[in-house]
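The structure appears right after this line, and notes come after that.
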Amino acid sequence: MTIGCPECGALEDIPPLTAHTYARCRACHFPLERRSGRSQTAALACASATFVLLFPANLAPLMYVHMLGVERSSLLSSGIVQMWNDGWFILAVLLGTFGIVLPFIRFGGLVIVLAALRLGRRTRGIGALFRWTTSLDIWTMPDVYLVGCFVGYARVTQNLTGTIAPGGYCFIAAALLSMLTRASLDRRTVWRAIAAENELPEHEAPLSCTVCDLVVPMSQEGRPCPRCALTLRARKTDAVVRAAALSLAALVLTIPANLFPMTTSMQLGRTHSTRIIDGVYQLFHAGLWPLGILIICTSIIIPVAKILGMAWFVVSVRRRSRRHLRVKAHLYRLIDELGRWSYVDVFTIAAFVPLVRFDGIAAARPAIGATAFALVVFLTMAASRAFDPRLMWDVHPRSKR
């Protein structure tokens with residue numbers, strides 16, 4: 071059956087694949103389907119286990135720290151609640167949504183879809199539900215939160231005695247299983263189980279859905295997709311303008327995100343402010359250079375690369391450039407996938423802030439730079455989602471709807 075590549079718009083015929091083969095777009099090399107390591111049963115098992123483990127991970131204590139006979143514990147939401155109570159509402163909403171709320175919604179919805187297909191019950195609305203769980207994939211960040219917790223735990227235990235609590239072990243398991251779910255989920259098989267693909271229209275120009283890749287006649291534009299219920303469009307509305315505006319806003323906020331402190335800490339009456347680069351220096355000075363390199367990549371290199379990359383894409387579309395199309399396609403893929411990992415630094419703050427709270431001795435709280443940085447990451451992710459990569463390929467001779 072014929073499907074439409076979601077990145078370049080080319081129409082591709084995918085033959086039945088064996089267990090160790092994969093199919094990619096001939097124009098942009100986007101991976102259209104891969105069977106190796108994919109299993110719907112494994113995906114259902116991992117998604118179910120992740121959803122169940124999220125409850126103790128959020129309700130049981132995450133970590134303990136000890137100082138001068140005083141013990142402090144934290145829940146997964148403790149740092150986020152503290153940010154809200156301290157008046158950092160935007161930061162608390164962003165981290166709470168991506169780190170706590172959306173994991174329940176995404177994996178709960180995914181379990182419903184996979185279980186329904188397993189039982190052979192293709193109920194009305196299942197396509198739209200799977201579309202939503204697919205769209206929430208990059209915004210659901212238990213794996214990113216886990217890395218942030220590791221960095222925060224490493225920073226706290228440089229001066230304090232810390233232990234991982236039962237909720238921490240449940241969260242580690244949930245985050246790892248969430249990554250296994252992504253790796254084992256065969257989206258193409260799920261879409262085919264929801265509804266079979268159509269034959270290529272013979273007497274009318276084709277139009278492909280950007281979520282489930284279903285090919286329909288161009289006369290269906292503006293109507294819901296028969297399989298996933300997405301409103302069908304030949305190209306995203308105002309994609310270039312929206313992507314450019316969001317990227318520009320992110321560029322402006324990059325300045326305060328790097329110049330202003332991310333956290334403010336108090337130790338024995340002395341106040342210290344820490345910027346992104348200061349946190350990197352502290353990690354290197356403490357001998358935690360792998361974590362320092364990680365923060366450099368996620369907090370400095372990736373955000374800047376995303377803004378520059380989106381600028382390149384927008385200029386290419388405006389100039390109708392045919393140069394380096396495959397390079398731009400690969401870069402867009404990286405920007406869209408890796409953008410979420412820039413949240414490691416702000417999740418690190420959420421992890422260690424509630425643990426460093428000893429009245430009169432030590433305390434820590436987020437600062438204005440953390441909110442600016444969280445907004446930079448959010449805006450760059452929104453820009454890549456708003457952009458339509460097929461626009462870059464409209465000048466390609468093999469590009470179709």
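First residue of the sequence shown: 71, per my numbering; consecutive thereafter.
Heads up, the beta-carbon is just placed ideally off N, CA and C, and yes, glycines get one too.
The Cβ-Cβ distance between GLU272 and LEU284 does not fall below 8 angstroms. Beyond the five residues adjoining it in sequence on each side, ALA130 comes within less than 6 angstroms, by CB distance, of PRO236 and GLY237 in the same chain, given in chain order. Per DSSP, reduced to three states, the secondary structure at ASP256 is coil, with no helix or strand assignment. Taken in chain order, the complete alpha helix (DSSP H) segments of 4 or more residues contained in the region 222-277 are 236-254 and 257-264. If you draw a 10 Å sphere on the C-beta of GLU103, you find 16 or more other C-beta atoms in it, and that means buried. In this structure, DSSP gives ARG188 a helical state, which the three-state scheme calls helix. Taking a C-beta distance under 8 angstroms as the contact criterion, ILE182 and ASN128 do not qualify as a contact pair.
The three-state secondary structure of VAL281, taken from DSSP, is coil. For the options ALA315, ILE264, LEU216 and ARG258, the alpha carbon positioned closest to that of GLY197 is the one of ILE264. Secondary structure of ILE84 (DSSP, three-state): coil. In the three-state reduction of the DSSP assignment, PRO131 falls in the coil class. Exclusion of the five residues before and after GLU82 leaves THR72, ILE73, GLY74, CYS75, ALA93, CYS95, ARG96 and LEU102 as the residues of its chain whose Cβ lies within less than 8 angstroms of its Cβ. Judged by DSSP secondary structure, ARG94 falls within the beta strand (DSSP E) whose first and last residues are 92-94. Taking the Cβ atoms as the reference, LEU123 lies roughly 5 angstroms from CYS240, within the contact range of under 8 angstroms.
Under the three-state reduction of DSSP, VAL181 is assigned to helix. About 6 angstroms separates the CB atoms of ALA437 and SER343; that is less than 8 angstroms, so the two are in contact. Fewer than three pairs of CB atoms, one per stretch, sit closer than 8 angstroms, so the region 175-194 makes no contact with the region 382-396. A distance below 7 angstroms between beta-carbons, with the five flanking residues on each side excluded, links ARG303 to the following residues of its chain, in chain order: GLU291. When DSSP reads this structure, VAL286 sits in a beta bridge with LEU277. Counting only runs that start and end inside the region 388-433, there is no beta strand (DSSP E) element of at least 3 residues.
Distance from the CA of ILE325 to the CA of SER248, rounded to the nearest whole angstrom, comes to 34 angstroms. Remark: C-beta atoms of LEU172 and LEU199 do not approach each other more closely than 8 angstroms.
About 15 angstroms separates the CB atoms of ILE370 and ILE405; that is not less than 8 angstroms, and the two are not in contact. For the pair of segments examined, the region 409-424 was found to touch the region 208-222: the number of CB pairs separated by less than 8 angstroms reaches three. In the DSSP assignment, ARG108 falls outside any beta strand (DSSP E) and carries neither an H nor an E. By the 16-neighbour rule on beta-carbons within 10 angstroms, ALA185 is exposed.
Going by DSSP, HIS342 is part of the beta strand (DSSP E) stretching over 340-344. In this structure the region 414-429 does not touch the region 276-283; the number of beta carbon pairs closer than 8 angstroms is below three. Taking 3 residues as the minimum length, the beta strand (DSSP E) runs contained wholly in the region 283-338 are 285-287 and 333-337, in order along the chain. Cβ contact annotation for LEU161 (same chain, cutoff 8 angstroms, sequence separation greater than five): MET153, VAL416, PRO436, ALA440, THR441 and ALA444, in chain order. In its chain, beyond the 5 residues on either side, LEU316 have a beta carbon closer than 7 angstroms to the beta carbon of ALA452. Between VAL226 and VAL350, the CB-CB gap reaches or exceeds 8 angstroms. Counting only residues of its own chain and dropping the five nearest sequence neighbours on each side, ARG312 has a CB closer than 7 angstroms to the CB of ALA456.
Counting along the chain, the unbroken beta strand (DSSP E) around GLY74 starts and ends at 72-74. For ASP256, the closest alpha carbon among the candidates SER335, LEU180 and GLY79 is that of LEU180.
In this structure, the beta-carbon distance from PRO459 to ALA375 does not fall below 8 angstroms.
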